[in-house]
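Participant:
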Amino acid sequence: MTTIISDPKTPCTDVDPFSRDVLEDPLPFQSELRAAGPVVYLNKYDVYAMGRYGEVQAALTDWQTFQSAAGVGLSNFRKEMPWRPPSLLLEADPPHHDAPRALLTKILGPREIRKLAESWTADAEELVDQVLSRGPEFDAVADVAAAFPLRVFPDAVGIPQAGRENLLPYGDHAFNAFGPPNELVAKGAARVPELSASIASQCAREVLTTDGFGAQIWAAADRGDITEAQAPLIVRSLLTAGVDTTVNGLAAVLYAFATNPGQWARLRDNPALSRTAFDEAVRFESPVQTFFRTTTRDIEVGGTLIPEGRKILMFLGSANRDPRRWDNPDTFDLNRDPSGHVGFGFGIHQCVGQHIARLEASTLLEVLARRIESIEFCGPTRRHHNNTLRAWQSLPVRVKTSSTFTRK
Ligand code: 4MI
20 MTTIISDPKT
30 PCTDVDPFSR
40 DVLEDPLPFQ
50 SELRAAGPVV
60 YLNKYDVYAM
70 GRYGEVQAAL
80 TDWQTFQSAA
90 GVGLSNFRKE
100 MPWRPPSLLL
110 EADPPHHDAP
120 RALLTKILGP
130 REIRKLAESW
140 TADAEELVDQ
150 VLSRGPEFDA
160 VADVAAAFPL
170 RVFPDAVGIP
180 QAGRENLLPY
190 GDHAFNAFGP
200 PNELVAKGAA
210 RVPELSASIA
220 SQCAREVLTT
230 DGFGAQIWAA
240 ADRGDITEAQ
250 APLIVRSLLT
260 AGVDTTVNGL
270 AAVLYAFATN
280 PGQWARLRDN
290 PALSRTAFDE
300 AVRFESPVQT
310 FFRTTTRDIE
320 VGGTLIPEGR
330 KILMFLGSAN
340 RDPRRWDNPD
350 TFDLNRDPSG
360 HVGFGFGIHQ
370 CVGQHIARLE
380 ASTLLEVLAR
390 RIESIEFCGP
400 TRRHHNNTLR
410 AWQSLPVRVK
420 TSSTFTRK
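So that you can map any letter, position 110 of the sequence shown is 129 in this note's numbering, and since no number is skipped, the others follow by simple counting.
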């Protein structure tokens, strides 16, 4: 170890938060992380970490000190070549961040997207009917949590059919690549040229429909709100951020309901709880577990001096289960007000697609709640390991359909 930690009082750990053991079940490590102190040093990566809600939320709010522009992964853009051109949103700060952010805030705003609700409900009905027509057993990940976003989101962006099969693999690699260069990244490296080319080809003006988010981004370039060079990268942000995240957010809420039948009964009584349910699942499971920031100056946090130019790992998932902030944090509870969770981040980078994610979740959950009386697992649940995402590979379920629902 060559790095000298400037503050010897800072607790440190040799545990690798990106190891298979921790990815399989990160909760014990996160609990130790919070107990150790507000700032902990990760020896293996020579970076700092924060796991308590208060410090994570404050650091995400202070973008001037905790910048994103040096990359929100472990690798520092100033020292290492990024594997793809940096995102103009996620990996940028003001002033460069402003125009792309303002544009997506408008295009993906709650009012703008309201018109999608009706057709997404029809899509959810068709998908759920199709799944249920094959019998009471299905995989809640492949057949529902992945199938629904893949059915509605690429159409909403306006990308062609060809190449859609690359969206999830591209996202999986992108989220792995924020972590250390471990075997998960190595496994994805072989397909990077092919996947990057496929995604890039879907961002071009000529291939996009005239009525989707993609076309609206290009229209902003015509108006001069953004440059022509920025447009395809902003479309790329939608394709990177908008699929694996929602798939795992939906998987999280379905898992939570399958393990909490009383909560499913509550949702069925009151489908208006679908949005609360989704945010509670995002808090509970934190599909995006971690992101790094980089200090722009020396900063003291909780008695630790973090020098300028250092990486800090923000444990969103840990903050979302911090008992200092949440009563019974390990309970999935529709009675709770989950707002304030940092599962979508916090501050100027807070998920600009969150209204889309909530709309996908609420349209799907409302249809499922009408048609399905109960959900239980009928086989072993399997995690999917990713350096950033808390993900499911498989959730085999058996459902009982509602007696009030009859097929024509
Ligand atoms: C937090 S998920 C995410 C957000 C943005 C991008 C990727 C992932 C991007 O590429 O802009």
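For every residue, glycine included, the Cβ atom is placed at its ideal position computed from N, Cα and C.
#1: Tell me, please, which residues DSSP counts as bridged to Y274.
#2: With which residues is A68 paired in a DSSP beta bridge?
#3: Buried or exposed for L414, going by 16 or more other Cβ atoms inside 10 Å?
#4: Taking only three categories from DSSP, how would you classify Q249?
#5: Could you please give the first and the last residue of the uninterrupted beta strand (DSSP E) stretch that includes K419?
#6: Decide if P36 is buried, meaning its Cβ has at least 16 other Cβ atoms within 10 Å, or exposed.
#7: Out of curiosity, what's the CA-to-CA distance linking K28 and W82?
#8: Going by C-alpha distance, which of T314, T313, V262 is nearest A376?
#9: For S152, count the other beta carbons within 10 Å of its own beta carbon; 16 or more makes it buried, fewer makes it exposed. Which is it?
#10: Considering only residues of the region 344-408, which uninterrupted alpha helix (DSSP H) runs meet the minimum length of 4 residues and lie entirely inside it, listed in chain order?
#11: Assuming D142 and V160 form a contact by the criterion Cβ under 8 Å, report the distance between their Cβ atoms to the nearest whole angstrom.
#12: Whose C-alpha, out of F334, L408, T400, V266, is nearest the C-alpha of G73?
#13: Entirely within the region 124-188 and at least 4 residues each: give me those alpha helix (DSSP H) ranges in chain order.
#14: Assess contact between the region 330-350 and the region 383-392, defined as three or more Cβ pairs (one per stretch) separated by less than 8 Å. Is contact present?
#15: So, helix, strand or coil for A410, using DSSP?
#16: For G322, which of V58, E184, V75 has the nearest alpha-carbon?
#17: Sort S94, E110, A300, V416 by Cα distance to R255 and report the nearest one.
#18: Let me know the secondary structure DSSP gives T22 once reduced to three states.
#19: Just to confirm, is the Cβ distance from I218 to L122 under 8 Å?
#20: From D40 to L203, what distance separates their C-alpha atoms?
#21: First and last residue of the alpha helix (DSSP H) that includes E225?
#22: Tell me whether E304 sits in a helix, a strand or coil according to DSSP, three-state version.
#23: Suppose the cutoff is 7 Å on Cβ atoms and the five residues either side in sequence are ignored; what does the same chain contact list for H403 look like?
#24: Is R255 near the ligand 4MI, with its Cβ less than 7 Å from a heavy atom?
#25: Is there at least one non-hydrogen atom of the ligand 4MI closer than 7 Å to the beta-carbon of T259?
#26: Mapping the DSSP letters down to three states, classify Q86 as helix, strand or coil.
#27: Could you say which of F310, E327, F311 lies nearest to D317 if we only look at CA atoms?
#28: Where do the N-terminal and C-terminal ends of the alpha helix (DSSP H) with R242 fall, by residue?
#29: Say the cut is 7 Å; is the CB of C18 nearer than that to a heavy atom of the ligand 4MI?
#30: So what does T314 bridge to, in DSSP terms?
#31: Check whether the Cβ of V307 lies closer than 7 Å to any heavy atom of the ligand 4MI, and answer yes or no.
#32: Assuming H374 and L127 are in contact, meaning their beta carbons sit under 8 Å apart, how far apart are those beta carbons, in whole angstroms?
#33: Verify whether the separation of the beta carbon atoms of G182 and S138 is less than 8 Å.
#34: Could you say which of A205, A89, A284, G190 lies nearest to P105 if we only look at CA atoms?
Facilitator: Taking the structure as given:
#1: Beta-bridge pairing links Y274 to no other residue.
#2: V59, L332
#3: buried
#4: Three-state DSSP puts Q249 in a helix.
#5: Segment 415-420, the beta strand (DSSP E) holding K419.
#6: Burial check for P36: the Cβ neighbour count within 10 Å reaches 16 or more, so the residue is buried.
#7: 26 Å
#8: Check the Cα spacing between A376 and each of T314, T313, V262: the tightest is with V262.
#9: exposed
#10: Listed in chain order, they are 373-390.
#11: Contact flag wrong, Cβ pair sits at about 18 Å.
#12: The shortest C-alpha separation from G73 is found at F334.
#13: 129-132, 136-152, 166-176
#14: no
#15: strand
#16: V58
#17: Of the listed residues, the one whose Cα sits closest to R255 is E110.
#18: With a pLDDT of only 44 at T22, under the threshold of 50, the placement of this residue in the model should not be trusted, and no figure is reported.
#19: no
#20: 13 Å
#21: Premise fails: E225 is in no alpha helix (DSSP H) and is neither H nor E.
#22: In this structure, DSSP gives E304 a helical state, which the three-state scheme calls helix.
#23: A410, W411, Q412
#24: It does: the Cβ of R255 is within 7 Å (strictly closer) of some heavy atom of the ligand 4MI.
#25: yes
#26: strand
#27: E327
#28: 232-242
#29: Shown here, the chain extends from 20 to 427; a query on residue 18 therefore has no answer.
#30: F85
#31: yes
#32: 6 Å
#33: no
#34: A89
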